[in-house]
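Report on the structure given below.
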Ligand SMILES: Nc1ncnc2c1ncn2[C@@H]1O[C@H](COP(=O)(O)OP(=O)(O)OP(=O)(O)O)[C@@H](O)[C@H]1O
Ligand SMILES: [Mg+2]
């Protein structure tokens with residue numbers, strides 16, 4: 506079905522809600538309106554919206570600004586507890602029975618009981634009575650929680666998609682990927698690594714260091730409020746590494762020796778994040794014996810000055826900033842920020858790709 510009144514995508518992040526209203530113009534996606542609303546500190550914890558009233562209010566305001574009440578609403582769920590796995594099962598013709606079989610098989614892969622999960626799957630291929638399957642599982646109460654907040658804003662999402670799929674779809678739409686790519690979304694509450702191509706998602710990892718981790722260090726070290734620490738982080742970025750990247754190791758040692766506690770902690774946290782990203786890439790390449798073609802970076806956390814350089818240095822690979830608006834038309838004069846909107850644009854793209862089959 507084509508969406509005559511347009512589609513609107515809402516991505517509720519722990520730092521802000523992003524909304525994009527799309528139209529279709531000459532067969533391509535066109536960004537009609539875009540908006541972002543900051544959320545109060547700690548209104549979302551461990552993926553759960555704890556302050557439903559505050560988030561509902563912000564969502565309501567955003568919906569008014571976008572003028573999206575009569576469009577098709579698409580949203581996403583947080584990455585907490587999201588499980589994406591490649592599995593092999595005996596092939597069963599009947600989809601319902603297949604889902605049932607998968608439910609039993611997936612038990613070992615979930616960090617929570619199957620009864621409290623919502624599952625979906627895609628058959629990737631079939632051979633000799635066996636099926637290769639992509640399993641997606643999420644905690645059902647997370648979905649209830651999000652739906653409550655939408656209800657408070659008088660909105661009814663008709664599609665809920667997962668963020669890794671949105672990111673892969675975006676790159677696929679823009680670059681017609683054949684080879685496998687990695688996308689690193691450095692958000693507020695965490696960083697996600699997605700490795701996939703237009704057929705499959707091979708790996709999905711949730712790393713618990715995101716933009717907030719750097720704010721937290723500044724809050725604790727300088728005894729500052731969240732807002733104060735947030736401002737300092739955005740203004741200063743990571744501490745400079747004197748002598749450039751070449752003397753990185755040396756600089757780390759010096760920082761440690763001179764006892765600059767906060768600088769040291771910020772840099773080590775950045776390195777720890779880089780190290781975990783690198784390990785995900787290495788793991789994929791070892792397991793599938795195939796290289797990652799390109800690594801894209803996105804998410805507001807990627808704006809932390811110096812962070813991308815630290816990651817590059819640590820993992821020794823080139824990184825590309827993902828531009829969600831590449832090959833996508835948009836209304837003249839609207840303010841676009843690349844880092845924050847990849848998920849939202851990707852959700853829209855994913856819907857179009859689905860539409861076109
Ligand atoms: N100029 C900047 N310098 C440093 N950090 C920044 C800058 N701009 C935004 N950030 C950080 O980016 C993060 C927000 O990014 P993003 O909008 O991608 O997160 P989110 O989607 O709300 O969070 P999550 O996906 O983890 O729930 C915050 O931690 C914020 O401090
Ligand atoms: Mg996010």
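Residue numbers (our numbering): 506 to 862. Yeah, the Cβ is synthetic: ideal placement off N, Cα and C, and Gly gets one too. Quick caveat, the model's predicted, so the values are computed rather than measured.
Item, Value
"Give me the Cα-Cα distance between residue 572 and residue 860, rounded to the nearest whole angstrom.", "23 angstroms"
"Quick one: Cα of residue 538 to Cα of residue 656, how far?", "22 angstroms"
"Below 7 angstroms between beta carbons: does that hold for residue 828 and residue 685?", "no"
"Any heavy atom of ligand 2 closer than 6 angstroms to the beta-carbon of residue 692?", "yes"
"Could you tell me the distance, in whole angstroms, from the CA atom of residue 525 to the CA atom of residue 675?", "14 angstroms"
"Could you tell me the boundaries of the alpha helix (DSSP H) in which residue 871 lies?", "Because the chain in this structure spans residues 506 to 862, residue 871 falls outside the shown range and cannot be described."
"Could you name the residues that DSSP lists as bridge partners for residue 550?", "553"
"To the nearest angstrom, how far is it from the Cα of residue 506 to the Cα of residue 703?", "Caution is warranted here: a pLDDT of 47 is assigned to residue 506, below 50, making its placement in the model unreliable, and the coordinate value is therefore given only provisionally. C-alpha separation (whole angstroms): 22 angstroms."
"In or out: residue 832 buried (at least 16 other Cβ within 10 Å) or exposed?", "exposed"
"Kindly provide the ranges of any beta strand (DSSP E) runs that are 3 or more residues long and lie completely inside the stretch 594 to 664, ordered along the chain.", "622 to 632, 635 to 644"
"Looking at the structure shown, is residue 729 part of a helix, part of a strand, or coil, going by DSSP?", "coil"
"How is the beta strand (DSSP E) around residue 837 delimited, first residue to last?", "Premise fails: residue 837 is in no beta strand (DSSP E) and is neither H nor E."
"Report back the beta-carbon spacing between residue 844 and residue 804 to the nearest angstrom; my notes put them in contact at under 8 angstroms.", "6 angstroms"
"Using only the heavy atoms of ligand 2, determine whether one of them is closer than 6 angstroms to the beta carbon of residue 518.", "yes"
"Out of 745, 523, 553, which one is the CA nearest neighbour of residue 542?", "523"
"Going by C-alpha to C-alpha distance, which of 560, 782, 529 sits closest to residue 576?", "529"
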